[in-house]
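Offset between the sequence shown (1-based) and our numbering: plus 504.
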Amino acid sequence: MIDSMDEKWFKKEIQQVFNKGVRVIYEDALKMIYEDASLIKAIKESDFVPPEITGSFLKGLTKPISEKQEKEKQSNGYEVTKNYDDWEPATSESFIQYFVSRYQKISSLLWKRQSLKSAISIVNVNRARGDRERTAVIGMVKGIRDLKSGKKIVEIEDPTGLLSVLLPPISGYDEIVPDEVLGVVGRSGRDIIFAEEIIFPDVPISNSWPDTGESWAMFSSDLHIGSKKFNKEHFSRFVKWLNKEKKVKYLFLAGDLVDGIGMYKGQQSELDFDSIEEEYDALADLLSELREDLIIFAGPGNHDASRDSEPQPPVPKAFAKKLYDLKNVVMVSSPAWIRVEGILVLMYHGTSLDGFIDSIDSIKSIGYNRPTEALKIMIKKRHLAPLFGRGRTFPDQNDFLVIDPIPNIFHTGHIHYAEIGNYRGIRLISSGTFQEKTEFQEKLGHNPTPGLMVLTDLKTGKSELIDFSKQDVLSQSLEN
Ligand SMILES: [Fe+2]
505 MIDSMDEKWF KKEIQQVFNK GVRVIYEDAL KMIYEDASLI KAIKESDFVP
555 PEITGSFLKG LTKPISEKQE KEKQSNGYEV TKNYDDWEPA TSESFIQYFV
605 SRYQKISSLL WKRQSLKSAI SIVNVNRARG DRERTAVIGM VKGIRDLKSG
655 KKIVEIEDPT GLLSVLLPPI SGYDEIVPDE VLGVVGRSGR DIIFAEEIIF
705 PDVPISNSWP DTGESWAMFS SDLHIGSKKF NKEHFSRFVK WLNKEKKVKY
755 LFLAGDLVDG IGMYKGQQSE LDFDSIEEEY DALADLLSEL REDLIIFAGP
805 GNHDASRDSE PQPPVPKAFA KKLYDLKNVV MVSSPAWIRV EGILVLMYHG
855 TSLDGFIDSI DSIKSIGYNR PTEALKIMIK KRHLAPLFGR GRTFPDQNDF
905 LVIDPIPNIF HTGHIHYAEI GNYRGIRLIS SGTFQEKTEF QEKLGHNPTP
955 GLMVLTDLKT GKSELIDFSK QDVLSQSLEN
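Structural data, given as structure tokens:
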């Protein structure tokens with residue numbers, strides 16, 4: 505509790521909090537701060553401070569770091585900086601809280617943009633009643649309507665109201681999807697804004713590569729162990745190659761570690777095992793063939809024994825005991841932020857990519873052969889699953905799927921197509937698969953790249969594709 509002696513100090517500290525870009529501290533939050541002054545320090549040291557500080561934000565700040573995260577923080581060479589392993593059960597109010605959190609997190613990124621610094625609340629635009637003044641607002645997309653003229657009407661909302669935005673027919677605006685948060689600059693009319701510019705939260709134009717990397721990292725996903733289509737030959741070459749290339753110190757596995765059980769009708773006839781535990785045991789046996797000094801990060805995908813909705817917590821120990829027993833395997837969530845040698849990797853399975861690719865005209869026909877194009881648009885929106893209704897997103901109190909902090913490497917799987925890209929200095933990696941083309945993929949016209957994996961030099965950020973479907977891969981060496 506603050507006593508009267510400390511009032512002056514308290515006011516000064518609160519002013520410093522406002523200097524971090526905070527606009528409002530709600531009464532419940534202020535009461536908490538007044539009772540526990542250490543919260544001011546926690547706010548000042550937090551990587552993320554929303555423009556509006558609520559009591560629930562402060563509760564999140566004071567949550568103890570889990571034992572597991574603490575252990576990981578102490579280990580040398582890597583750090584799992586953001587891992588989703590703690591959540592509250594969903595209630596009827598969770599959906600509102602989730603969207604408020606999404607709005608707060610992304611709008612705080614948008615407020616930093618020069619042209620949105622003077623953004624006003626939607627209620628104030630509606631009060632202006634058509635004076636054609638230049639106006640900036642930040643809102644969440646509620647709906648999109650195409651007009652015959654080629655223009656669009658986008659409905660946006662913020663905590664104060666709802667507003668229609670008339671968009672000119674500009675190609676990049678086809679990428680706008682429901683539930684994303686964006687900025688609008690234009691002229692205000694009667695209950696409408698005539699947009700001149702749409703501002704996506706995006707990332708700075710140039711993101712430099714840290715000069716701290718020394719070794720190499722291999723990026724893979726979609727092993728689908730247990731599937732009869734898992735290619736043992738490709739995987740055996742992969743193990744042999746990694747065991748001889750000791751400069752590769754990290755292996756990232758972005759989900760679909762196993763094929764799962766009961767994923768679709770008739771799957772049992774396409775499986776080598778009767779239970780998911782046996783599939784994880786088989787995976788542990790295969791990974792135990794890799795040298796012990798290779799650190800392996802393993803996250804879940806939609807085929808794994810994690811919950812269906814995203815974010816997905818790590819695969820539970822109950823299903824994968826043998827995997828947890830391997831000392832060099834670190835089980836993480838999807839998404840997870842992992843720092844190795846000063847390089848920040850955002851590893852995400854990519855389950856939301858199906859709905860995302862299908863909803864955006866510019867990538868609809870190419871997305872499964874150019875997955876990194878979809879990753880670029882996700883970064884622009886600073887969200888891993890912008891379309892709430894198209895995926896299975898869990899309504900957390902804090903939206904864990906916001907892309908923050910900005911990674912150096914953005915690694916996804918799910919598409920089964922290996923590709924390397926770059927967006928404003930962020931290295932994009934869509935990793936390949938060890939599963940041969942399935943009948944389902946054949947029907948959809950997808951062209952997976954089994955055996956093709958991505959290798960990255962952490963010193964330079966340069967990536968290359970290594971093809972383990974080829975026998976002569978074993979004669980390739982990093983020394984050459
Ligand atoms: Fe997969």
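Backbone N, C-alpha and C define an ideal beta-carbon position, used for all residues, glycine too. This one's a predicted model, so the numbers in the text were calculated from it and none came from an experiment.
Distance between Val658 and Ala840, taken at the CA atoms: about 32 Å. For Tyr588, the three-state secondary structure derived from DSSP is coil. When secondary structure is reduced to three states using DSSP, Trp615 falls in the coil class, being assigned neither helix nor strand. The beta carbon of Gln520 lies closer than 7 Å to those of Lys548 in the same chain, with the five residues before and after it left out.
Straight-line measurement puts the Cα of Asp662 at about 15 Å from the Cα of Arg631. Residue list for ligand 1: Asp726, Asp760 (CB closer than 5 Å to any heavy atom, chain order). Pairwise C-beta distances place the stretch 716-724 out of contact with the stretch 771-787, as fewer than three of them are shorter than 8 Å. Contact between the stretch 753-762 and the stretch 840-856 is present: three or more C-beta pairs spanning the two stretches fall below 8 Å. Assigned with DSSP and collapsed to three states, Asn832 falls in coil, not helix or strand.
When secondary structure is reduced to three states using DSSP, Val627 falls in the helix class. In the DSSP assignment, Trp713 falls outside any alpha helix (DSSP H) and carries neither an H nor an E.
Taking 3 residues as the minimum length, the beta strand (DSSP E) runs contained wholly in the stretch 821-880 are 833-835, 840-844, 847-852, in order along the chain.
Counted as a single uninterrupted DSSP element, the alpha helix (DSSP H) harbouring Phe739 occupies residues 736-748. Burial of Ala623 is indicated by the presence of at least 16 other C-beta atoms within 10 angstroms of its C-beta. When the alpha-carbon of Thr664 is set against those of Leu775, Val627, Asp726, Asp635, the nearest one is in Val627.
Fully enclosed alpha helix (DSSP H) runs of no fewer than 4 residues are not present anywhere in the stretch 667-693. Per the C-alpha coordinates, the member of Leu651, Gly929, Gly859, Asp976 positioned closest to Pro673 is Leu651. Residue pairing from DSSP places Phe914 in a beta bridge opposite Leu850, Leu932. Measuring C-alpha to C-alpha distances from Glu637 to each of Val629, Met644, Gly643 identifies Val629 as the nearest.
Using a Cβ distance threshold of 8 Å, Val641 and Ile680 do not count as a contacting pair. In its chain, beyond the 5 residues on either side, Gly717, Trp720, Ser967 have a beta carbon closer than 8 Å to the beta carbon of Asp961. Boundaries of the beta strand (DSSP E) harbouring Glu659: 656-662, taken from the DSSP string. For His920, the closest alpha carbon among the candidates Leu794, Gly936, Lys512 is that of Gly936.
Taken through DSSP and simplified to helix, strand or coil, Gly559 comes out as helix.
Glu781: member of the alpha helix (DSSP H) spanning 780-791, first to last residue. In this structure, Ser837 sits away from Pro820, with a CB-CB distance that is not shorter than 8 Å. Annotated three-state conformation of Glu637 is coil, per DSSP. Glu597 is classed as exposed because its beta carbon has fewer than 16 other beta carbons within 10 Å across all chains shown. If you draw a straight line from the Cα of Ser625 to the Cα of Ile544, it comes to about 27 Å. Nearest to Gly871 by alpha-carbon distance, out of Ser934, Val849, Val834, is Ser934.
For Met536, the enclosing alpha helix (DSSP H) starts and ends at 531-539.
Selection Asn523, Tyr538, Leu794, Asp862 evaluated against Asp510 yields Tyr538 as nearest (Cα-Cα).
Here Arg894 carries a coil assignment [DSSP, helix/strand/coil]. Taking C-beta separations shorter than 8 Å and ignoring five residues to either side along the sequence, the partners of Lys868 in its chain run Ile861, Asp862, following chain order. Short of 6 Å from the beta carbon of Gly859, and not among the five residues preceding or following it, lie these beta carbons of its own chain, in chain order: Leu891, Arg894, Gly895.
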